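This report refers to the structure that appears directly beneath it.
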Amino acid sequence: MIATMLQAIFIDPWPFWAGGIAIGLLVPLLYYFYNTALGVSTGYGNLVKIFFPTGRLQWLNTKFKETWSWRVYFIGGIILGGFISSTLSGSPGFTSEMGRFTAIIAWPPLAGAVYFFAGGLLLGLGARIAGGCTSGHSIHGISNLHVSSILATILFLLGGIISANLIRITLMGGAW
Amino acid sequence: MNKNVGFLGFGILFGFVLSRVGASDFDLIMGMFIGEDYTLVGVIGIAIIVGAIGMQVLKRSQRPVRSGETLKISEKKLGPWSLLGAGLFGIGWGLSGACPGTVLAQLGEGKIYSFFTFFGMIFGTYLYARLKEKHPSL
Numbered sequence: 001m002i003a004t005m006l007q008a009i010f011i012d013p014w015p016f017w018a019g020g021i022a023i024g025l026l027v028p029l030l031y032y033f034y035n036t037a038l039g040v041s042t043g044y045g046n047l048v049k050i051f052f053p054t055g056r057l058q059w060l061n062t063k064f065k066e067t068w069s070w071r072v073y074f075i076g077g078i079i080l081g082g083f084i085s086s087t088l089s090g091s092p093g094f095t096s097e098m099g100r101f102t103a104i105i106a107w108p109p110l111a112g113a114v115y116f117f118a119g120g121l122l123l124g125l126g127a128r129i130a131g132g133c134t135s136g137h138s139i140h141g142i143s144n145l146h147v148s149s150i151l152a153t154i155l156f157l158l159g160g161i162i163s164a165n166l167i168r169i170t171l172m173g174g175a176w
Numbered sequence: 001m002n003k004n005v006g007f008l009g010f011g012i013l014f015g016f017v018l019s020r021v022g023a024s025d026f027d028l029i030m031g032m033f034i035g036e037d038y039t040l041v042g043v044i045g046i047a048i049i050v051g052a053i054g055m056q057v058l059k060r061s062q063r064p065v066r067s068g069e070t071l072k073i074s075e076k077k078l079g080p081w082s083l084l085g086a087g088l089f090g091i092g093w094g095l096s097g098a099c100p101g102t103v104l105a106q107l108g109e110g111k112i113y114s115f116f117t118f119f120g121m122i123f124g125t126y127l128y129a130r131l132k133e134k135h136p137s138l
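If you read the sequences in order, they're chains F and U. Once you know that position 27 of the first sequence is 27 in the numbering used here, the rest is easy, because the numbers rise by one and skip nothing. Once you know that position 99 of the second sequence is 99 in the numbering used here, the rest is easy, because the numbers rise by one and skip nothing.
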């Protein structure tokens, strides 16, 4: 009985509804405990200050007065959570695999690195211009029925549908 | 409990769940966009429904915030460029197979390419800070 439960929590992949319930509960829980909106991408402003202390950029110095705010701890926790999940389920530590990207596209590692860096750049820049990301807009914002977040999420999905299909047709030769 | 410690704990829970449910899986994210696998649509959809119900319960409760403060729900207003930004974000989401939360879970899982997505995100945020200096309406 206990072994089955441990297996279901730590080793088998979770069914979508279980993950959805756990993630959705974060929205009211963070308000209940800290009167704070769920959101991840804003914390990358803190990371800029930590990794690249850039001095006088006004936005970084007004919005992120406290460099080591709760956002950094939240980000650190998510990394740790991914580590715990993969370690307990017996995944092999570091891996250069990235699903069908590395399975289908035979690029040298440097090209792959540039590709993912470019994707990350668009995520970072886009999230700040949009004012949030999947957690802040799509999950927190729509949970609170904010029209702005519904519109942002439609554009998130539209952008993703366009770029993913372009990659599938071009780089992956439609092989997917 | 100290707020930072609390957020570390909630972060661990969030990252663990993202990883367990496959939200940090490149193939599942791409699969959602090319219409092959709607697992993550289900995850996000259920999360929104549960979040919405939870917020309604909270708003109707005697004490919505444990400390007794009034509940302050932050609404993200759209600026003139916000939807363009959302489109850029979406393109990045579809290219990298990650978003700002799931890339962190990928880091923890030891996926080496996710380090580049991660530093790209930091650089993109830095770029925003630079652009914002000259274009305050961003």
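For glycine and all other residues, C-beta sits at the position ideal for the given N, C-alpha and C. None of these values were measured; they are calculated from a predicted model.
Can you check whether the CB of residue j is closer than 9 Å to the CB of residue i?
i	j	result
U:S24	F:G119	no
F:G136	U:I46	no
F:R128	U:T125	yes
U:A86	F:L155	yes
F:G169	U:G108	Looking at the sequence itself, residue 169 of chain F is Ile, so the reference to Gly does not match. No, the Cβ-Cβ distance between F:I169 and U:G108 is not below 9 Å.
F:I78	F:V40	yes
F:T42	F:G132	yes
U:A98	F:S143	no
F:Y32	U:L58	yes
F:G90	F:I162	no
F:S138	U:I48	yes
Suppose the cutoff is 8 Å on Cβ atoms and the five residues either side in sequence are ignored; what does the same chain contact list for residue i look like?
i	result
F:K49	L60, F64, T67
F:I9	none
Under the three-state reduction of DSSP, which class applies to residue i: helix, strand or coil?
i	result
F:M1	coil
U:P136	coil
F:H146	coil
F:A175	coil
F:A111	helix
U:G87	helix
U:R20	helix
F:F33	helix
U:A98	coil
F:A127	helix
F:F152	Residue 152 of chain F is actually Ala in this sequence, not Phe. Reduced to three states, the DSSP call for F:A152 is helix.
F:G132	coil
F:G53	The amino acid occupying residue 53 of chain F in the given sequence is Pro; Gly does not appear at that position. Three-state DSSP puts F:P53 in coil, outside helix and strand.
F:T67	coil
Please name the residue or residues paired with residue i in a DSSP beta bridge.
i	result
F:M98	F:R100
U:K143	Since the first residue shown for chain U is 1 and the last is 138, residue 143 of chain U is missing from the structure and cannot be characterised.
Can you pull the chain B residues whose beta carbon is under 7 Å from the beta carbon of residue i, in chain order?
i	result
F:Q7	Structure shown: chain B not included; protein chains present are F and U.
Could you pull out every residue in the same chain whose Cβ sits closer than 7 Å to the Cβ of residue i, ignoring the five residues on either side in sequence?
i	result
F:Y44	G124
U:G22	L28, T39
U:F118	V103, L107
U:V41	M32
F:S69	N46
Measuring from the CB of residue i, is there a heavy atom of the ligand COA at a distance below 8 Å?
i	result
U:K77	Looking at this structure, you won't find the ligand COA or any other ligand, since it has none at all.
I'd like the list of long-range same chain contacts for residue i, defined as Cβ closer than 6 Å, with 5 residues on each side in sequence excluded.
i	result
U:F33	G94
F:L171	I105
U:W81	L138
Output needed in chain order: residues of the segment 1–15 of chain U with a Cβ under 7 Å from some Cβ in chain F. So the close ones are K3, N4, G6, F7, L8, G9, F10, G11, I12, L13, F14, G15.
In the segment 81–97 of chain F, which residues sit with their C-beta less than 7 Å from some C-beta in chain U, listed in chain order? Under the 7 Å Cβ criterion, the segment 81–97 of chain F contributes G81, G82, F83, I84, S85, S86, S91, G93, F94, T95, S96.
Interfacial residues, the segment 14–30 of chain F to chain U, with Cβ spacing under 9 Å: Answer set for the segment 14–30 of chain F: W14, P15, F16, W17, A18, G19, G20, I21, A22, I23, G24, L25, L26, V27, P28, L29, L30.
Closer than 9 Å, Cβ to Cβ, to anything on chain F: give me those residues from the segment 95–111 of chain U, in chain order. Among the residues of the segment 95–111 of chain U, those with a Cβ less than 9 Å away from any Cβ of chain F are L95, S96, G97, A98, C99, P100, G101, T102, V103, L104, A105, Q106, L107, G108, E109, G110, K111, in the order of the chain.
Going along the segment 100–114 of chain F in order, which residues come within less than 7 Å of chain U, judged by CB to CB distance? Of all residues in the segment 100–114 of chain F, R100, F101, G112, A113 have a Cβ within less than 7 Å of some Cβ in chain U.
Under 8 Å (Cβ pairs) to chain U, residues found in the segment 128–146 of chain F: The residues in question are R128, I129, A130, G131, G132, C133, T134, S135, G136, H137, S138, I139, H140, G141, I142, S143, N144, L145, H146.
What are the residues in the segment 77–89 of chain U lying within 8 Å of chain F by C-beta distance? Sequence-ordered contacts of the segment 77–89 of chain U with chain F read K77, L78, G79, W81, S82, L83, L84, G85, A86, G87, L88, F89 [C-beta pairs closer than 8 Å].
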